[in-house]
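Protein chains in written order, with the UniProt record's numbering: chain R, 1 to 314; chain B, 1 to 321.
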């Protein structure tokens, strides 16, 4: 299989990839020299390219639509690149749905959900992993078991409950659950992280006279940073992306988060053709915060979910 | 001191319970622990226990959300199964979605994970991009796909035409509407991939090395090492993906509104429309609760069956944790 022209072929394949530098950096270290298989390498890159385009092309096309004029969107057959660039869509589009207000709403709701979700899950995880108390196994199993409970069961009774205490059409149904350990997955993740920390650390802190509150805030939280950053990212995503809950609990459009506002952008005006170029420009702005966080904190996404995978496997 | 010494051992044990080596300051630990998990316990009671009981009660009532619920026994269920013309189609649509989505999502997710578990230049880029759609807001991606699937000006048909492949009216056709929804859902397959990737990376490399020494082919390596080693994660994924697919709401709500006909009117959409529809109809919360319970029982049954038969196809090395 290893013949002379292979090297040239692989070198070509690498030259075409944007990662050439990375590949060169990696090959010389400890690993033994790879056997070179040109057909396989080429087919890998073709597959990789295919996967990447399936994921990226829709997003690029969204940007294209966002730049097109309102009429150019309906050209048949569609042009893949816009004729002229209507940057003004990025200003007029958001204006059309009162984007500023929706963004503010989404931000407030999300920040509070992240804060509450992470804090209460970390507290519960600390208690379950590091304190001995009667009932700790029971509570752990109940919390973990509730992960399997379908959310739909709560939909109607909770709607009624919130309505009866005057929380309908307020943000409270979206925020308060986060402050009550609303995500059992987070409790589970927090507990797994806390279990991995040596107990001698709390003992040392106790000897120094620290109480549980101080151990939690000053010793444990710094030590479990990757855990709560991961959770914060997941909580951000869940809240920013949530559609069903705000749709059910919020009636007034000035209280909507972006998810509901964006959905109404294209569906509320039934019969009327939605303004796709405005919509896609605004959609991009809606996607921007999760995109930025994703690229900034990539390793936490992978790490956090990876740890979830390996701990459930044990 | 003397009093404690003469006291019967029972009393002493009560003071410092010997269960599993509780520490001497068990009392203060217990108090602190319950302070720390109090929010979670309140949440569990309010968001898990209460809704379970209440929604079951509501399913046995006629309830419009304004006047008090009227107990009607199993009348809602009888109406669902025998009278309602929309119920069986919605059950069929839900089943179709699960049967189409879950195996595809697992197969593609695993294939992607295996691909991304290889070492080659640029693999991190592929991994990142494959996961990218998962982090984007559902509403944003679903509406994007709604436009992509537009029969006249959508990108999907445009590309198919350029390649001289058959096009479709996608969401407008009652036979293609559900496959279209599944297609949109599969764009988020990176979520499945990332879990499988973590599972694959946890497989000890010695196993692969041993197989290589024995001259095993790639098929037998896959079926005898990879698949058995990741089977616990596979089981978890089957359960999670199925329960999630049974509760699909966003895609049919935004893409099709349940149509054309009842082709994509999944159970969750039907529940939403019966319970919260603002189409000028009176909400039927009791009736919707009955549908919730049908869905709930299906979900529990799926979990129970998957778990029961898991020993047949999952690998366990029987070492206690």
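Every residue gets a Cβ at the ideal spot worked out from N, C-alpha and C, and that includes glycine. These numbers were taken from a predicted model, which means no experiment stands behind them.
Beta-carbon spacing of residue i, residue j below 9 Å
{"i": "residue 275 of chain B", "j": "residue 60 of chain B", "result": "no"}
{"i": "residue 105 of chain B", "j": "residue 213 of chain B", "result": "no"}
{"i": "residue 90 of chain R", "j": "residue 285 of chain R", "result": "yes"}
{"i": "residue 180 of chain B", "j": "residue 261 of chain B", "result": "no"}
{"i": "residue 299 of chain B", "j": "residue 246 of chain B", "result": "yes"}
{"i": "residue 243 of chain R", "j": "residue 259 of chain R", "result": "yes"}
{"i": "residue 153 of chain R", "j": "residue 51 of chain B", "result": "yes"}
{"i": "residue 157 of chain R", "j": "residue 55 of chain B", "result": "yes"}
{"i": "residue 236 of chain B", "j": "residue 195 of chain B", "result": "yes"}
{"i": "residue 101 of chain R", "j": "residue 254 of chain R", "result": "yes"}
{"i": "residue 138 of chain B", "j": "residue 250 of chain B", "result": "yes"}
{"i": "residue 120 of chain R", "j": "residue 182 of chain R", "result": "yes"}
{"i": "residue 216 of chain R", "j": "residue 36 of chain B", "result": "yes"}
{"i": "residue 127 of chain R", "j": "residue 32 of chain B", "result": "yes"}
{"i": "residue 45 of chain R", "j": "residue 130 of chain R", "result": "no"}
{"i": "residue 191 of chain B", "j": "residue 131 of chain B", "result": "yes"}
{"i": "residue 205 of chain R", "j": "residue 125 of chain R", "result": "no"}
{"i": "residue 175 of chain R", "j": "residue 113 of chain R", "result": "yes"}
{"i": "residue 257 of chain B", "j": "residue 269 of chain B", "result": "yes"}
{"i": "residue 47 of chain R", "j": "residue 257 of chain R", "result": "no"}
{"i": "residue 117 of chain R", "j": "residue 231 of chain R", "result": "yes"}
Per DSSP, cross-strand counterpart(s) of residue i
{"i": "residue 308 of chain B", "result": "In the DSSP output, where bridge partners are listed per residue, residue 308 of chain B has none listed."}
{"i": "residue 62 of chain B", "result": "B:70"}
Start and end residues, alpha helix (DSSP H) containing residue i
{"i": "residue 160 of chain R", "result": "152 to 164"}
{"i": "residue 127 of chain B", "result": "123 to 135"}
{"i": "residue 58 of chain R", "result": "38 to 67"}
{"i": "residue 279 of chain R", "result": "276 to 296"}
{"i": "residue 107 of chain R", "result": "99 to 130"}
{"i": "residue 175 of chain B", "result": "Element bounds for residue 175 of chain B: n/a, residue is neither H nor E."}
{"i": "residue 237 of chain R", "result": "225 to 241"}
{"i": "residue 284 of chain B", "result": "Where residue 284 of chain B is concerned, there is no enclosing alpha helix (DSSP H), given that its DSSP letter is neither H nor E."}
{"i": "residue 205 of chain R", "result": "200 to 207"}
{"i": "residue 210 of chain B", "result": "205 to 213"}
{"i": "residue 191 of chain R", "result": "184 to 195"}
{"i": "residue 218 of chain R", "result": "Run containing residue 218 of chain R: none; DSSP gives neither H nor E here."}
{"i": "residue 219 of chain B", "result": "218 to 221"}
Reduced DSSP category for residue i - H, G, I as helix; E, B as strand; rest coil
{"i": "residue 71 of chain B", "result": "strand"}
{"i": "residue 83 of chain R", "result": "coil"}
{"i": "residue 248 of chain R", "result": "helix"}
{"i": "residue 263 of chain B", "result": "coil"}
{"i": "residue 272 of chain B", "result": "helix"}
{"i": "residue 173 of chain R", "result": "helix"}
{"i": "residue 23 of chain B", "result": "For residue 23 of chain B, the predicted structure reports a pLDDT of 47, less than 50, and the residue's modelled location is therefore unreliable. A value from the coordinates is still provided. The answer is coil: DSSP assigns residue 23 of chain B none of H, G, I, E or B."}
{"i": "residue 139 of chain B", "result": "helix"}
{"i": "residue 247 of chain B", "result": "coil"}
{"i": "residue 150 of chain B", "result": "coil"}
{"i": "residue 291 of chain B", "result": "helix"}
{"i": "residue 303 of chain B", "result": "helix"}
{"i": "residue 102 of chain B", "result": "helix"}
{"i": "residue 149 of chain R", "result": "coil"}
{"i": "residue 164 of chain B", "result": "coil"}
{"i": "residue 96 of chain B", "result": "helix"}
{"i": "residue 190 of chain B", "result": "helix"}
{"i": "residue 109 of chain B", "result": "helix"}
{"i": "residue 117 of chain B", "result": "coil"}
{"i": "residue 71 of chain R", "result": "coil"}
{"i": "residue 92 of chain R", "result": "helix"}
{"i": "residue 300 of chain R", "result": "helix"}
{"i": "residue 88 of chain B", "result": "helix"}
{"i": "residue 258 of chain B", "result": "coil"}
{"i": "residue 314 of chain B", "result": "coil"}
{"i": "residue 133 of chain R", "result": "coil"}
{"i": "residue 277 of chain B", "result": "coil"}
{"i": "residue 43 of chain B", "result": "helix"}
{"i": "residue 181 of chain R", "result": "coil"}
{"i": "residue 145 of chain B", "result": "helix"}
>> Short of 8 Å Cβ to Cβ, which residues in the segment 118 to 145 of chain R face chain B?
In response: 120, 121, 123, 124, 126, 127, 128, 131, 132, 133, 134, 136, 139, 142, 143
> Residues in the segment 231 to 243 of chain B with C-beta within 7 Å of chain R's C-beta atoms, listed in sequence order?
Replying inline: 232, 233, 236, 243
>> Taking beta-carbon pairs under 7 Å, can you tell me which members of the segment 177 to 206 of chain R lie near chain B?
In response: 177, 179, 180, 181, 182, 187
> Relative to chain B, which residues along the segment 65 to 86 of chain R have a C-beta separation below 9 Å, given in chain order?
Replying inline: Within the segment 65 to 86 of chain R, contact with chain B at the beta-carbon level (separation under 9 Å) is assigned to 65, 73, 74, 75, 76, 77, 78, 80.
>> So if I threshold CB-CB distances at 8 Å, which residues from the segment 60 to 84 of chain B count as touching chain R?
In response: 65
> Which residues, in order along the segment 122 to 135 of chain B, keep a beta-carbon less than 9 Å from a beta-carbon of chain R?
Replying inline: Within the segment 122 to 135 of chain B, the residues whose Cβ lies closer than 9 Å to any Cβ of chain R are, in chain order, 122, 123, 124, 125, 126, 127, 128, 129, 130, 131, 132, 133, 134, 135.
>> Give me the subset of the segment 282 to 304 of chain R whose CB atoms are less than 9 Å from a CB atom of chain B, sorted by chain position.
In response: 283, 284, 286, 287, 290, 291, 293, 294, 295, 298, 301, 302
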